[in-house]
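Q:
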Amino acid sequence: MARTLVVANQKGGVGKSTSVMNLGVALAEMGQRVLLVDLDPQGGLTAAFGLDSYNIGRSAYSLLLYEHISLARVIRPVRPQIALVPASIDLAAAELQLVGQPDQAHRLRRALERSRIPFDTVLIDTPPGLGVLTANGLVAADAVLIPVQCQFLAMRGVRPLLDTVSRIRGGLNPGLALGGLFGTMYRPGSTHAQEVVEELRQVFGRMMLRTLIYFDDVVPEAPVAGLSMLEYLPDHIVAAEYRALAREVAYA
Ligand SMILES: Nc1ncnc2c1ncn2[C@@H]1O[C@H](COP(=O)(O)OP(=O)(O)O)[C@@H](O)[C@H]1O
Ligand SMILES: [Mg+2]
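Everything in the sequence shown is counted per numbering that gives the first Met the number 0, starting at 0 for the first residue and increasing by one.
What follows is the structure, encoded as structure tokens:
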């Protein structure tokens, strides 16, 4: 049985999609068979693998809306050991189409459960916000990973997300564990960033993972080339950090 992890934070631009791509490649480097699921209508993860979410056939939308469709018909091989469920722009409408349906948050979970394709880890990328798409990710997952930007204001967004995780645990998905929080876009020279990390560790204690992801201007270049940092600059510190994060996550 695959282990399913969802990367969530209702704030945009904190490194969710970057983390899903790099963690996915890092887990594949460790020998795992990985499935990535893009639930963001913006399709950042999908684009990073060179696919165009404005012009795509079957996608995460099909999995959420059509109960009979199988995962096998939706996934695309993007690396030898990595498959992707791409996002399409019509995911933006899925929200409205699903609202009010009793099982609206269980669609992805059901689709994954129906599949017999063997994966070691499923990694789900979610859009900003805490709507029905993010809920589908949280309900499908065994654990949630929360990237937090190392800036003071970013910390404030964590509480509502943790409250949502508690609510989901109390109802829709009692099996959801807190996989942990990790700092992203950390500027090692900045006193402010150091203070934020100290405070995160104080407030969240053991919920904070050890790995910090450093900020570097080259990180946005990698997806433009269709690559993860591990492939674009394998010796870069950010590549090493994502490998460390993958080990922490895999053996947690
Ligand atoms: N460690 C990093 N250093 C520098 N830029 C980063 C880093 N991680 C992500 N970025 C950039 O920040 C932007 C937002 O990241 P992204 O992963 O798309 O966030 P989200 O999915 O949470 O919206 C992107 O342009 C991405 O390339
Ligand atoms: Mg994103």
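Ideal Cβ positions, reconstructed from N, Cα and C, are used throughout, including at glycine.
In three-state DSSP terms, what is I167?
A: Sequence index remark: in the sequence shown, residue 167 carries index 168 (1-based). Here I167 sits in helix by DSSP.
Q: Mind checking which residues open and close the alpha helix (DSSP H) that includes G43?
A: Counting from one through the sequence shown, the residue named residue 43 turns up at place 44. Counting along the chain, the alpha helix (DSSP H) containing G43 begins and ends at 43-47.
Q: Can you name, in chain order, every residue of its own chain whose Cβ lies under 6 angstroms from the Cβ of V24, other than the five neighbours on each side?
A: One-based indexing of the sequence shown puts residue 24 at position 25. Same-chain partners within the cutoff: S227, L229.
Q: Candidates D124, V131, P127, L160: which alpha carbon is nearest G99's?
A: For this step, residue 99 is matched to residue 100 along the sequence shown. If we check each option's Cα against that of G99, V131 comes out closest.
Q: Distance, Cα to Cα, V77 vs L26?
A: If you number the sequence shown from 1, residue 77 lands on position 78. If you number the sequence shown from 1, residue 26 lands on position 27. If I take the Cα positions, the gap works out to 14 angstroms.
Q: Give a yes or no on whether 8 angstroms exceeds the smallest Cβ distance from F151 to chain C.
A: Of the chains in the structure shown, none is chain C; there is only one protein chain.
Q: Can the beta-carbon of F181 be found less than 8 angstroms from the beta-carbon of T210?
A: Start at 1 with the first residue of the sequence shown, and residue 181 comes out as number 182. Start at 1 with the first residue of the sequence shown, and residue 210 comes out as number 211. Yes.
Q: In the DSSP assignment, find the unbroken beta strand (DSSP E) run with M184 in it and report its ends.
A: In the sequence shown, the residue the question calls residue 184 occupies position 185. Its beta strand (DSSP E) spans residues 176-185.
Q: Is the Cβ-Cβ distance between S61 and L44 less than 8 angstroms?
A: For this step, residue 61 is matched to residue 62 along the sequence shown. For this step, residue 44 is matched to residue 45 along the sequence shown. No, the pair does not count as a contact, with Cβ atoms beyond the cut-off.
Q: Along the alpha helix (DSSP H) that carries R108, what are the first and last residues, could you check?
A: Residue mapping note: residue 108 aligns to position 109 of the sequence shown, counting from 1. Taken as a continuous stretch (DSSP letters only), the alpha helix (DSSP H) holding R108 covers 106-113.
Q: Return the chain-ordered ranges of every beta strand (DSSP E) run that is complete within the segment 39-108 and spans a minimum of 3 residues.
A: Runs of the beta strand (DSSP E) inside the segment 39-108: 75-78, 81-84.
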